[in-house]
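Chemist: Residue numbers (the working numbering), protein chains in the order written: chain E, 1 to 305; chain G, 1001 to 1097.
1. To which residues does DSSP link residue 25 of chain E through a beta bridge?
2. Would you decide whether residue 160 of chain E is buried or exposed? Buried here means 16 or more other CB atoms lie within 10 Å of its CB.
3. Spell out whether any CB of chain E is found under 8 Å from the CB atom of residue 1080 of chain G.
4. What does residue 192 of chain E pair with, by DSSP beta-bridge criteria?
5. Distance cutoff 8 Å, beta carbons only. Does residue 1092 of chain G sit that close to anything in chain E?
6. Rounded C-beta distance between residue 64 of chain E and residue 108 of chain E? I'm assuming under 8 Å.
7. What are the uninterrupted segments assigned as alpha helix (DSSP H) that are 4 or more residues long and contained completely in the segment 1046–1071 of chain G, given in chain order?
8. Does residue 226 of chain E pass the burial test, meaning 16 or more other C-beta atoms within 10 Å, or should it be called exposed?
9. Report the residue from E/289, E/123, E/97, E/131 whose alpha carbon sits nearest the alpha carbon of residue 229 of chain E.
10. Measuring only between beta-carbons, confirm whether residue 1018 of chain G sits less than 8 Å from chain E.
11. Is the segment 1035–1042 of chain G close to the segment 239–258 of chain E, with three or more CB pairs under 8 Å?
12. Which residues bound the beta strand (DSSP E) around residue 48 of chain E?
13. Hey, residue 92 of chain E and residue 285 of chain E are a contact pair by Cβ (cut 8 Å); roughly how many whole angstroms apart?
14. Reducing DSSP to helix, strand and coil, say where residue 8 of chain E ends up.
15. Closer than 8 Å, Cβ to Cβ, to anything on chain E: give me those residues from the segment 1065–1076 of chain G, in chain order.
16. Consult DSSP for residue 128 of chain E and reduce its assignment to one of helix, strand or coil.
17. By the criterion of Cβ-Cβ separation under 8 Å, what are the contact partners of residue 8 of chain E in chain G?
18. Can you grab the Cα-Cα spacing for the pair residue 105 of chain E / residue 1076 of chain G, in whole Å?
19. Give me the chain G residues within the contact set of residue 5 of chain E, using Cβ-Cβ distance strictly less than 9 Å, ordered along the chain.
20. Let me confirm a value: residue 1072 of chain G is counted as buried when at least 16 other C-beta atoms fall within 10 Å, else exposed. Which label applies?
21. Who are the neighbours of residue 276 of chain E on chain G, taking C-beta pairs under 9 Å?
22. Following the continuous beta strand (DSSP E) through residue 1037 of chain G, name the residue where it begins and the one where it ends.
23. In three-state DSSP terms, what is residue 256 of chain E?
24. By DSSP, does residue 53 of chain E sit in helix, in strand, or in coil?
25. Could you work out which residues of chain G lie near residue 118 of chain E, taking near to mean beta carbons separated by less than 7 Å?
26. Going by DSSP in three states, residue 147 of chain E sits in which element: helix, strand or coil?
27. Tell me, to the nearest whole angstrom, how far the beta carbon of residue 219 of chain E is from that of residue 200 of chain E; I am working on the premise that it is less than 8 Å.
28. Could you give the C-beta distance for residue 162 of chain E and residue 138 of chain E, rounded to a whole number, given that I count them as a contact under 8 Å?
29. For residue 1009 of chain G, return the contacting residues in chain E, with the cut-off set at a CB-CB distance below 8 Å.
30. Would you check if there are 3 or more beta carbon pairs closer than 8 Å linking the segment 1047–1061 of chain G to the segment 1003–1018 of chain G?
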């Protein structure tokens, strides 16, 4: 894992080798679990960072929109950093002595492979849609939170197609089942990329969540920590007030089922490249994101509920 | 492999709610095959949209007719993708060496 090249974009197979390397090097801390398979049968692997049984946990996922390659790259580096910081960094050590962390580096593996082999701008899953020539569901419009409401499309050809029903996308269903069956997930962070935002619920409606003040404070503190490294500026707020109304999103669902600390990062893209962030920016992006993630995880650790 | 030769990414800045509505209407014109990277929601956030070559003239005319300000964020998407691909291949070869 120490010699893996985190500073370039990788194929899915290479990313999976990166996961295996981390597991191999940090056997006592990190295990790999398969929580299901994608539409085309690819495994959904989570890295589990754990130092004891029956702990509450924090969930982090990346790459639900396949073309946002910086997110998968960032998540892999974050996994390596978490593993190497345990036992060295007092805060991470204390966190992992109390909480498990689950890290899903490639949430949409079919889309990721397709974005490498056929269409660099592919965002959705690769599920066929009955009665349509168009493929795929936007997996971040498919969660059971205001499903079918504004900010999602009913057209299978749209890049924000919500799917025929909530959790119809097997990738979403697998994660939702895992979260439900775990029962002790206390923080949920989804990593996306576009124009530097740190978002919290709601997106399917434009009212503030009950914990608005706390979430806003945590979000601002995380954005400040992130910014301290390279000065990258983030906007912080609810999905609806900060960018646009979007129904069926993951963090709205997790918040509504009781996971108070639900956030979504939109990592940097410099405003010029969209999803084509140059590889030279992978490590800076990962490093600054780690600082923001750490702030959120520390808050989850220190504020049990 | 799908290519994006001649596709541009436009950054559009609406200045009032009427222009947001015009952009939302543009989003509904599916024959243009536009890919909205950020969607029209409010005047505070710019709208980024990938426009295939065959729709460039129509989209730009639409924006100009409605006095909506825009700039070209990516002039030729395929060039950026090619350079990303080359970078990835070079970095992977370097690593193997």
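Ideal Cβ placement from N, Cα and C applies to all residues, glycine included.
On a predicted model such as this, the values are computed, not experimentally measured, just so you know.
Modeler: Checking against the coordinates, here is how it stands:
1. In the first chain, residue 25 of chain E corresponds to position 25, counting from 1. For residue 25 of chain E, which the question treats as bridged, DSSP gives no partner whatsoever.
2. For the purposes of this step, residue 160 of chain E is taken as residue 160 along the first chain, with counting starting at 1. Classification for residue 160 of chain E: buried.
3. As a working note, residue 1080 of chain G is residue 80 in the second chain. Yes, residue 1080 of chain G lies at the interface with chain E (some Cβ there is under 8 Å from its Cβ).
4. Sequence index remark: in the first chain, residue 192 of chain E carries index 192 (1-based). The partner list for residue 192 of chain E (beta bridge, DSSP) reads E/266.
5. Residue mapping note: residue 1092 of chain G aligns to position 92 of the second chain, counting from 1. Yes - at least one Cβ of chain E is within 8 Å of the one on residue 1092 of chain G.
6. Counted from its first residue, the first chain places residue 64 of chain E at position 64. Counted from its first residue, the first chain places residue 108 of chain E at position 108. With 8 Å as the limit, residue 64 of chain E and residue 108 of chain E qualify as a contact, their Cβ atoms being about 5 Å apart.
7. 1056–1065
8. Numbered from its first residue, the first chain carries residue 226 of chain E at position 226. By the neighbour-count rule (16 or more Cβ atoms within 10 Å), residue 226 of chain E is buried.
9. Indexing the first chain from 1 puts residue 229 of chain E at position 229. Of the candidates E/289, E/123, E/97, E/131, the one whose C-alpha sits nearest the C-alpha of residue 229 of chain E is E/289.
10. Along the second chain, read from residue 1 onward, the residue named residue 1018 of chain G stands at position 18. No, because no Cβ of chain E sits closer than 8 Å to the Cβ of residue 1018 of chain G.
11. yes
12. Here the question's residue 48 of chain E lines up with position 48 in the first chain. Run containing residue 48 of chain E: 43–49, per the beta strand (DSSP E) assignment.
13. Reading the first chain from its first residue, position 92 is the one you call residue 92 of chain E. Reading the first chain from its first residue, position 285 is the one you call residue 285 of chain E. Not a contact, Cβ separation roughly 19 Å.
14. Residue numbering aside, residue 8 of chain E sits at position 8 when the first chain is read from its first letter. In this structure, residue 8 of chain E counts as coil in the three-state DSSP scheme.
15. 1073, 1074
16. As a working note, residue 128 of chain E is residue 128 in the first chain. Looking at residue 128 of chain E - three-state DSSP - the assignment turns out to be strand.
17. In the first chain, counting from the first residue as 1, residue 8 of chain E sits at position 8. Going along chain G in sequence order, the residues near residue 8 of chain E (Cβ under 8 Å) are 1087, 1088, 1091, 1092, 1095.
18. By 1-based counting over the first chain, the position of residue 105 of chain E is 105. By 1-based counting over the second chain, the position of residue 1076 of chain G is 76. Cα to Cα, the separation comes out at about 30 Å.
19. Within the first chain, the letter at position 5 stands for residue 5 of chain E. Ordered by position in chain G, the residues that pass the 9 Å Cβ test against residue 5 of chain E are 1091, 1092, 1094, 1095.
20. Within the second chain, numbered from 1, the residue matching residue 1072 of chain G stands at position 72. That one is exposed.
21. Here residue 276 of chain E is taken as the residue at index 276 of the first chain, counted from 1. Per Cβ cutoff of 9 Å: 1074, 1077, 1080, 1081, 1083, 1084.
22. As a working mapping, residue 1037 of chain G is identified with position 37 in the second chain. Careful: residue 1037 of chain G lies outside any beta strand (DSSP E) and carries neither H nor E.
23. For this step, residue 256 of chain E is matched to residue 256 along the first chain. Helix at residue 256 of chain E.
24. The residue you call residue 53 of chain E lines up with position 53 of the first chain. Three-state result, residue 53 of chain E: coil.
25. In the first chain, residue 118 of chain E corresponds to position 118, counting from 1. Near residue 118 of chain E (Cβ distances below 7 Å), the residues of chain G are 1001, 1002.
26. In the first chain, the residue the question calls residue 147 of chain E occupies position 147. Three-state DSSP puts residue 147 of chain E in coil, outside helix and strand.
27. Taking the first residue of the first chain as position 1, residue 219 of chain E is located at position 219. Taking the first residue of the first chain as position 1, residue 200 of chain E is located at position 200. 6 Å between Cβ atoms; contact.
28. As a position in the first chain, residue 162 of chain E is number 162, starting the count at 1. As a position in the first chain, residue 138 of chain E is number 138, starting the count at 1. The Cβ separation is near 7 Å, so the contact holds.
29. Counted from its first residue, the second chain places residue 1009 of chain G at position 9. Per Cβ cutoff of 8 Å: 274.
30. yes
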